[in-house]
Each structure stands twice: as C-alpha cells, then as structure tokens.
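Quick notes on the structure that follows.
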Amino acid sequence: YNKWKNEAENFEIDGHFPVRELWARAAAAWDEILADARGRGARSVLVVAHNAVIQALVADALKLDECYFRRLLQSNCGVTVVDFVGGSSGGVRVDRLNQTPAPPIARVASGAGRKALGRVVLCQHAATTLSQCGRGDAGGVLLGALDARLSEAGRAQAQALGAALADVGVAKVLMSPRMAARETAAAIAVEAVQGGKVELAEAPSLFFDMAHAGNGDVVGGAHGPANPVDFALASLGSIDKPAQLSAPASPQLWEAAGEAYHELRAAAAAAGESVVVAVTHPALTVALTCRALGLPPAAATAMRVDAGSMTVLDFPDGVEGTPVLRAHNYTAHLGSWAVPVTRVEEVADAASELENAY
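Just so you know, the sequence shown maps onto residues 12 to 369 in this note's numbering.
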C-alpha cells in the first residue's frame, strides 16, 4: 500500500508494474491515434478515456516519465487539449489541462486528487489596451517596455476571474507591480473579500523585466538578443490569441521564477489550507509552472497561457512536498471572454514559428 501511495511508478504486483505498463500503452495509443488521424486527413481528434489514461497520454506527449503519475490531474468530464505543432522539433503544446464544468478551485469541485494542504492559483492578468495593436503585449507588457492598463474586455475578464475565486477561501492575493496585474488583482480582491478577510500585497518577484534581462539577452546566448518576435507568439494578453514562449526560458527568467516560487510557497505555508492567488505575466506563469513540476527550461515552449486564465497548484504533502497540477490555463470561467481552443491554422503557424525559433 505504501509503495502504491508514495511511489506508484515502482509498484509491482505479480511481476507487473501497472504504471509503467500504462505509460507504454499510452505511447502505443499515440502512434495509433496519430496514424489514424493522418490516414483520415483529420486535423482534430477526440479521445474519450479514463483519468489515469489521459494522465499517461499527456505525460507521454510531453516526454515525462512515470513519476508524473497523479501529478497532472484529470477529473471526471475534464477536457485536456494537446496541440501537435509538428516540425522537426516535434513540438507539443498543452493548450488546456483539466478544463472541468466546475472551477478547479470550487469548494464543491471534483473529488479527483488528494486533499490539498496548500494551494496556489497562478492568474494571468486580463487583456490590456495593447491587445488590439499588431504584436500587442508581446512588444510591451511582456518585455517590460510598456505598462498597459486593462482594456474594456480585460475588465470583464478580471471581474469573471474574481467571481470564480469568490468564496473559495482566498487568504492572500499577491500581484506584480505592473498596472495590468494590479487592476486584475483588485478585481479579484473585491470578489474574494466577500468570503472573509483577504490580504492584497504587491510582490516584485512576480514581475520579470525581460527587456533588460542579461543586458538585453532575453532568451539566452544560444538564441540571440532581445526581440518580441524571438520571445512570444502572437498577441499576449489578447482575448482572441494565446500567449506562448517560442524559445526555452532564459537563465535569468528561470532564476526569477525560482525566487517567485519560493515566495509563493512561503505564502502558502502561512495560509495553511486557504488559497494564495498570484497575479502575474505569461512568461512567469509558464516558468513558475515548469519549475513547480520539476521540468527543464525547454518545457516552457509547451505551455499556452491566455489572458484571465488560472493555473492551479496543489500541495497534498505540504508546501515542501511535490505539487500537483490540478489545472492549467483554465478559462471556462471567462465564458464569451475566453480565448478559443487553438484553431487548426494557429497550430500550423505555431509549428512554423517554433521551427524558426530552433
């Protein structure tokens, strides 16, 4: 029992290792699914399976081994979307993870997963006034050159985000010092305070100025100097396009994410079983998620983040233990203000840009 509970990947029964065999079947399933899709000329495929199978399929697509069993949560009726962007790099992108009918932070949510002794919700700030401009936030907010306010759509997103976080036991809302994050956090606090006392605090660690990182070397020496096109796809913060890094997280971003993760775990420890909310920016959301899961910097290209979305990290063994990703890029609470699931043509564009980035 202890082996199954604490080290499932090494659990053996009658000469069989169930989790290892599950991973092997997932790899074989992908071969069959993708071959069938190519044979039919299909661009989108719906796979209906049990939660453990979905976990294995997602992990195998991301090249994660069996130790990630139970770390990428999949609830009943949860939808996970994986984009195969192709190219010689074999790019894979997690568009959504565990999109459930009820918000993943609701008190009466799915019973999937163990009870969390601590919970951190990473909130991407809502859409900004730069979203209607060409490269939008990719040329401003992401790189730190501009400090944009929320657009009308962004204010609606922020209110929806706050409503989703109301009455779930939020104890503290940490925010980047940038305007978009502050305005999003304020909207969350207005709703969350209805469930009790909520502390609203600025956290400089939740903002990383990429425009000046490493004397302009944003994505590391192997990828060249700072440039919005080098670092972001499409219009970050837009309500109709996703945010995604087109190159691995730079050493500077990776270090900053580590500092932010340390601060968030300390806040979660102080909050006990209450929820800590962190309002930040696309690059840090992705890097924080990767660091929490023990993924390498290169995995940053495999995570999509949308304006007003939530990424939920649970700590069933306490904040010093291994976290569980309950949901990533959750946007169901946004309703008509959500970014649609990736369109086929966007996958093709992403494949081309990832190919160029490498």
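Ideal Cβ placement from N, Cα and C applies to all residues, glycine included.
Buried/exposed call for residue i, threshold 16 Cβ in 10 Å
| i | result |
| --- | --- |
| Arg-81 | buried |
| Lys-74 | exposed |
| Gln-143 | The predicted model places Gln-143 with a pLDDT of 49, which falls under 50 and marks its position as unreliable; any figure quoted below should be read in that light. Result: exposed. |
| Ile-24 | exposed |
| Gly-26 | exposed |
| Cys-88 | exposed |
| Tyr-12 | exposed |
| Asn-109 | buried |
| Lys-183 | buried |
| Ser-55 | exposed |
| Asn-21 | exposed |
| Asn-340 | buried |
| Ala-39 | exposed |
| Glu-18 | exposed |
| Ala-113 | exposed |
| Lys-14 | exposed |
| Pro-115 | buried |
| Arg-189 | buried |
| Val-119 | Note that Val-119 scores a pLDDT of 42, beneath 50, so its modelled location is shaky; the value from the coordinates is reported in the next line. Exposed. |
| Pro-239 | Residue placement at Pro-239 cannot be trusted, given a pLDDT of 36 that sits under 50; the coordinates are not used to answer. |
| Gly-129 | buried |
Residue j beta carbon less than 8 angstroms from that of residue i
| i | j | result |
| --- | --- | --- |
| Val-58 | Ala-313 | no |
| Ala-318 | Gly-173 | no |
| Val-131 | Ala-279 | yes |
| Ala-271 | Ser-216 | yes |
| Thr-322 | Leu-45 | no |
| Lys-126 | Pro-308 | no |
| Ala-303 | Ala-260 | no |
| Leu-264 | Ala-298 | yes |
| Arg-315 | Val-30 | no |
| His-292 | Ala-171 | no |
| Val-201 | Val-181 | no |
| Leu-176 | Ile-199 | yes |
| Ala-169 | Ala-203 | no |
| Val-159 | Thr-140 | Here the sequence assigns Ala to residue 159, which means Val is not the residue at that position. Yes. Within cutoff. |
| Glu-274 | Ala-214 | yes |
| Thr-296 | Gln-85 | no |
Residue i: first and last residue of the uninterrupted beta strand (DSSP E) it sits in
| i | result |
| --- | --- |
| Leu-108 | 102-110 |
| Leu-133 | 130-135 |
| Ala-212 | 210-213 |
| Asn-340 | 335-341 |
| Val-323 | 321-325 |
Residue range of the alpha helix (DSSP H) that includes residue i
| i | result |
| --- | --- |
| Ala-63 | 62-72 |
| Asp-42 | 29-51 |
| Asn-13 | 13-17 |
Inset, instruction - Within the region 255-315, note down every full beta strand (DSSP E) run reaching 3 residues or more, in order along the chain. - result: With a minimum length of 3 residues, the continuous beta strand (DSSP E) runs that stay inside the region 255-315 are 286-291.
Legend entry - Contiguous alpha helix (DSSP H) assignments of at least 4 residues, all confined to the region 160-191: Listed in chain order, they are 163-176.
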